[in-house]
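Asker:
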Amino acid sequence: MTPNATPIQWLEHPEKHDYGAAEEYLSLVMSPKHAKRLAKKLRKGELHHWKAKDILRASEQQPLPADNPGVAAKFAKIAAGEPLSPVLLVRREDDPLIIADGYHRISTAYLSDENSEVPAVEVDAD
Numbered sequence: 000m001t002p003n004a005t006p007i008q009w010l011e012h013p014e015k016h017d018y019g020a021a022e023e024y025l026s027l028v029m030s031p032k033h034a035k036r037l038a039k040k041l042r043k044g045e046l047h048h049w050k051a052k053d054i055l056r057a058s059e060q061q062p063l064p065a066d067n068p069g070v071a072a073k074f075a076k077i078a079a080g081e082p083l084s085p086v087l088l089v090r091r092e093d094d095p096l097i098i099a100d101g102y103h104r105i106s107t108a109y110l111s112d113e114n115s116e117v118p119a120v121e122v123d124a125d
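Each residue of the sequence shown is one higher than the one before, counting from 0 in numbering that gives the first Met the number 0.
Below is the structure:
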């Protein structure tokens with residue numbers, strides 16, 4: 000783990016462009032029509048907090064390394080006192096959780112402290 004003396008600050012709501020990024024990613028793993036519907040649901044979803052390690056475990060993903068350019072950029076934002084955007088998640092019955100947007104942010108939080116609480120908007124894929 001990469002120790003980070005500066006605590007992570009989070010925005011109260013995901014940034015507007017995160018929803019478009021989520022829809023774009025989701026359209027790779029499901030139909031564009033379904034991806035659009037889920038992005039719309041994410042915009043209306045409620046914010047919850049989950050431990051970074053639990054999000055990664057539920058998604059069956061490994062954290063990106065600290066030297067990944069996206070993760071390094073997030074660490075630089077944290078050091079500058081800039082808040083990170085909450086992440087966007089899609090839950091599927093009997094399948095791994097989808098990180099629709101925020102994989103770099105989750106990885107950064109995990110590398111900072113695997114027990115970091117990460118704010119996330121989550122919806123069911125139904």
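The beta carbon of each residue, even a glycine, is placed where N, CA and C say it ideally should be.
Computed from a predicted model, the values in this text were never measured in an experiment.
Within 10 angstroms of its Cβ, does Val122 collect 16 or more other Cβ (buried), or is it exposed?
Answerer: Buried is the call here.
Asker: Got a sec, what are the start and stop residues for the beta strand (DSSP E) Pro118 sits in?
Answerer: Per DSSP, Pro118 belongs to the beta strand (DSSP E) from 116 to 123.
Asker: Which value, in whole angstroms, describes the spacing of the CA atoms of Arg104 and Leu88?
Answerer: C-alpha separation (whole angstroms): 12 Å.
Asker: Just confirm the distance between the C-beta atoms of Pro85 and Pro13, as a whole number of angstroms; I'd bet it's less than 8 Å.
Answerer: Between Pro13 and Pro85 the Cβ distance is about 5 Å, and since that is below 8 Å, they are a contact.
Asker: Terminal residues of the continuous alpha helix (DSSP H) containing Ile54?
Answerer: Segment 51 to 58, the alpha helix (DSSP H) holding Ile54.
Asker: Alpha helix (DSSP H) containing Ile77: first to last residue?
Answerer: Taken as a continuous stretch (DSSP letters only), the alpha helix (DSSP H) holding Ile77 covers 68 to 78.
Asker: Where Tyr24 and Tyr18 are concerned, what is the direct C-alpha to C-alpha distance, given to the nearest angstrom?
Answerer: For Tyr24 and Tyr18, the distance between alpha carbons rounds to 10 Å.
Asker: Put Pro31 into one of helix, strand or coil per three-state DSSP.
Answerer: In this structure, Pro31 counts as helix in the three-state DSSP scheme.
Asker: I need the DSSP call for His126, collapsed to helix, strand or coil.
Answerer: Residue 126 falls outside the range modelled here, since the chain spans only 0 to 125, and no answer is possible.
Asker: Going by DSSP, what residue range makes up the beta strand (DSSP E) through Ala88?
Answerer: Reading off the sequence shown, one finds Leu at residue 88, where the question assumed Ala. Unbroken beta strand (DSSP E) run through Leu88: 86 to 91.
Asker: What does Asp17 pair with, by DSSP beta-bridge criteria?
Answerer: Answer is none; Asp17 lacks a bridge partner.
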